[in-house]
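Heads up: the sequence lines are chains A and B, in that order.
For the first sequence, our numbering gives the first residue as 655, with consecutive numbering after it.
For the second sequence, our numbering gives the first residue as 772, with consecutive numbering after it.
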Amino acid sequence: MKLPVKQCTSCQTILYTSKYHCKECYSDELELAEIEGTGEIYSYTKIYAAPKKFADQAPYYVILVHLDQGLKITGRTNEDSVQIGDAVELEEIKEGACYFKRKRG
Amino acid sequence: MSQVSVIGRGITTFGRKDDSIKAMLVKACREALIEAGKPKVDAVFVGNFGSGTLANQEILGSILANELGLGNVPTVKTEGACASGGIAFRQAYQLVKAGEYDTVLVAGVEKMTGLDTETVTNAINYAMDNESNEGASGLTFPGFFGVVANRYMHEYGAERKHLAMVALKNREYAIHNPIAQFRKETSIEEILNARPITDPLGLFDCSPITDGAAAVVIQKGDQGIQILSSGQASGTPLMQEVDELLHIKATNESAKRAYEAAGLGPDDIDVVELHDCFTMTEIIAIEELGFFEKGKGFEAVEQGLTKHGGKVPVNTSGGLLSKGHPIGATGVAQIVQIVDQLNGRACNQVEYARIGLAQNLGGTGAYSVVHIFSKKGV
């Protein structure tokens, strides 16, 4: 699936959805857009000691994905194993977290 | 601009303590003020991260001035996550250097035990930018350094045993530090087999939850350990926005500023206290501070270059990993160890130590402060 992002209406820079301001041109006129949810795992960790809110999910993988279209994003995967360099694609967004799965084929 | 010196230091024992935050603050500050000869204090700076959340107490500066009988001097509390103490010291130093005050008391403190671990973990997570998808993904503070560690090992061929060597070194130093939290001998095997926290980091790779306080008195003039320079920098608090994950730019930049201001470089430093909140962080820091090339820090650790007899002894106090990490106290406690080293009366004394460096990191690279000190007359 595609990843929701914000895009600056004056300089077209792609930003995370949590942003209020374009660092490139100082505009605050940002509109919702989408980019491809495909990329590669740059690194990861498997978290055993989790905060209260996530304790029932531990252990779980948190991954840092370098998206093909340039943005980097911290997300999750429910794959059994994870390797740096794995090609992944966005599967779903649940409670604000991006879940990726290994890209098949 | 004036010269500025550290003329007194005090520190509590670190660990799980019954003492209140106030009791610890007063104890460390009393010791520092008595050693300094009970000077007239012009201002107080307190570094603290989360006393409101963790100890149900704010207004630490005013409380301290009142308890110590310092009169109605101005007092300030600074917050910069784990760099709160280093930032407090820097503010005090800059104001003395600028001529605003002659003598300033700087303290750092944190009360972290007495609460359940989950509450403490949540409080520590306040040191991340939580209004993003990153917080929602369940990334933790240690988790950030787990991600860094996996990439570092992938790029440079380091192994978990190299991380363990950092933990072992710092534990071996802590054994000789009477205030340290962990003074029990350990081994590479025990460290490698400890319970996992955030792969590849295990229990011994992570600094503990600690109570403690530290204090120093600084004064205009050259009558003590001289503060040669101060450098501070910020970095992004979000992992996904870090340009190069294996660099902590705030550490590098704060060091660059401090080296430049002192007219010194990494080769001039005889002893270092740096921010080893995790074993991985120490390896990154020895590279960012310029002691070793990028990607070579783990080999330096393996070759024993970061301890006595090597290139530069690092964390002779036991570091955050084994001395303990009472968040707001850490930056000041590092300075206490460097001051003791330069006064020739430290645990794990480094022979002929003349110049020392302290580096204090906040968040996952959000803040860094570096101070460089010299022995009197150098």
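Here a beta-carbon is modelled for each residue, glycine too, at the ideal position from N, C-alpha and C.
Which chain A residues sit within Cβ distance under 9 Å of residue i?
i	result
B/Val-918	Tyr-696, Ser-697, Tyr-698, Thr-699, Val-716, Ile-717, Leu-718, Thr-728
B/Glu-1058	Within 9 Å Cβ-Cβ: nothing; B/Glu-1058 doesn't reach chain A, min ~17 Å.
B/Asn-896	Pro-705
Do residue j and residue i have their beta-carbon atoms positioned less than 8 Å apart in this structure?
i	j	result
B/Gln-909	A/Ala-704	The question names Gln, yet the displayed sequence has Gly at residue 909 of chain B. Their beta carbons are under 8 Å apart, which means B/Gly-909 touches A/Ala-704 by this criterion.
B/Ile-996	B/Lys-1147	yes
B/Thr-981	B/Phe-860	no
B/Ala-1033	B/Ile-1143	yes
B/Ala-807	B/Leu-1132	no
B/Lys-793	B/Glu-838	yes
A/Lys-660	A/Glu-688	no
B/Ala-907	A/Gly-693	no
B/Leu-934	B/Thr-1077	no
A/Pro-713	A/Lys-700	yes
B/Met-1010	B/Glu-905	yes
B/Gly-1036	B/Gly-1061	yes
B/Val-919	B/Tyr-864	no
B/Val-797	B/Val-877	no
B/Gly-1082	B/Ala-951	In the sequence as displayed, the identity of residue 1082 of chain B is Lys instead of Gly. Going by C-beta atoms, B/Lys-1082 is not nearer than 8 Å to B/Ala-951.
B/Cys-1118	B/Asn-948	yes
B/Lys-1065	B/Gly-1136	no
A/Ile-698	A/Val-716	Checking the displayed sequence, the identity of residue 698 of chain A turns out to be Tyr instead of Ile. Yes, these two residues count as a Cβ contact at 8 Å.
B/Val-1149	B/Arg-1125	yes
A/Glu-685	A/Cys-665	no
B/Asn-896	B/Phe-912	yes
B/Arg-931	B/Pro-971	yes
B/Gln-862	B/Thr-874	no
B/Gly-983	B/Thr-783	yes
A/His-720	A/Tyr-696	yes
At a CB-CB cut-off below 8 Å, which residues of chain B make contact with residue i?
i	result
A/Tyr-702	Arg-966, Pro-967, Ile-968, Thr-969, Asp-970
A/Ile-738	Asn-921, Arg-922, His-925
A/Ser-672	Glu-902, Ser-903, Asn-904
Note down, in chain order, every chain A residue with its Cβ under 7 Å from the Cβ of residue i.
i	result
B/Ala-907	Glu-749, Gly-750, Ala-751
B/Ala-1010	Contrary to the premise, residue 1010 of chain B reads as Met rather than Ala in this sequence. Residues of chain A passing the Cβ test: Leu-718, Thr-728.
B/Asn-893	Pro-705, Lys-706
Just checking my contact of residue i with residue j at CB under 8 Å: how many whole Å lie between their CB atoms?
i	j	result
B/Gly-1099	B/Gly-818	5 Å
B/Ile-962	B/Phe-975	4 Å
B/Ile-1055	B/Ala-1071	Contact flag wrong, Cβ pair sits at about 12 Å.
B/Gly-1127	B/Gly-857	With a Cβ gap of about 14 Å, B/Gly-1127 and B/Gly-857 do not count as contacting.
A/Val-729	A/Tyr-753	A small fix is needed here, since residue 729 of chain A is Gly in this sequence, not Val. Confirmed, Cβ separation roughly 6 Å.
B/Glu-1044	B/Ser-1088	6 Å
B/Glu-881	B/Phe-820	6 Å
A/Arg-758	A/Val-742	That pair is no contact at about 11 Å.
B/Pro-967	B/Gly-973	5 Å
B/Gly-879	B/Ala-985	5 Å
B/Asp-813	B/Val-844	6 Å
B/Phe-1069	B/Tyr-927	7 Å
B/Thr-752	B/Gln-1130	Because chain B is modelled from 772 through 1149, residue 752 of chain B falls outside the range shown and cannot be assessed.
B/Val-771	B/Glu-1053	As shown, chain B starts at 772 and ends at 1149. That puts residue 771 of chain B outside it, with no answer to give.
B/Tyr-1138	B/Ala-852	6 Å
B/Ser-1001	B/Ala-1029	6 Å
At 8 Å on the CB atoms, spell out the chain A contacts of residue i, in chain order.
i	result
B/Gly-914	Thr-699, Ile-701, Val-716
B/Leu-1016	Tyr-696, Ser-697, Leu-718
B/Glu-889	Pro-705, Lys-706, Ala-709
Can you tell me which residues form a DSSP beta bridge with residue i?
i	result
B/Phe-816	B/Val-847, B/Val-877
B/Tyr-944	In DSSP, B/Tyr-944 forms no bridge with anything.
B/Asp-887	None; B/Asp-887 has no bridge partner.
B/Asp-970	A/Lys-700
B/Arg-780	B/Val-987
A/Glu-743	A/Thr-692, A/Lys-755
B/Tyr-1138	B/Ser-1005, B/Gly-1133
B/Gly-856	Beta-bridge pairing links B/Gly-856 to no other residue.
A/Cys-662	A/Leu-684
A/Gln-737	For A/Gln-737, which the question treats as bridged, DSSP gives no partner whatsoever.
B/Cys-977	B/Phe-1049
B/Gln-997	B/Ser-776, B/Ser-1145
B/Asp-900	None, per the DSSP bridge assignment.
B/Gly-992	Partner(s): none; B/Gly-992 has no beta bridge.
Residues of chain B with CB closer than 9 Å to the CB of residue i, please, in chain order.
i	result
A/Gln-711	Gly-909
Length-filtered (3 minimum) beta strand (DSSP E) runs lying within the segment 676–726 of chain A: 684–689, 692–701, 714–721
What are the complete alpha helix (DSSP H) segments, minimum 4 residues, inside the segment 1013–1046 of chain B? 1020–1033
Ordered list of alpha helix (DSSP H) runs contained in the segment 1042–1120 of chain B, each at least 4 residues: 1050–1059, 1068–1073, 1090–1094, 1098–1113
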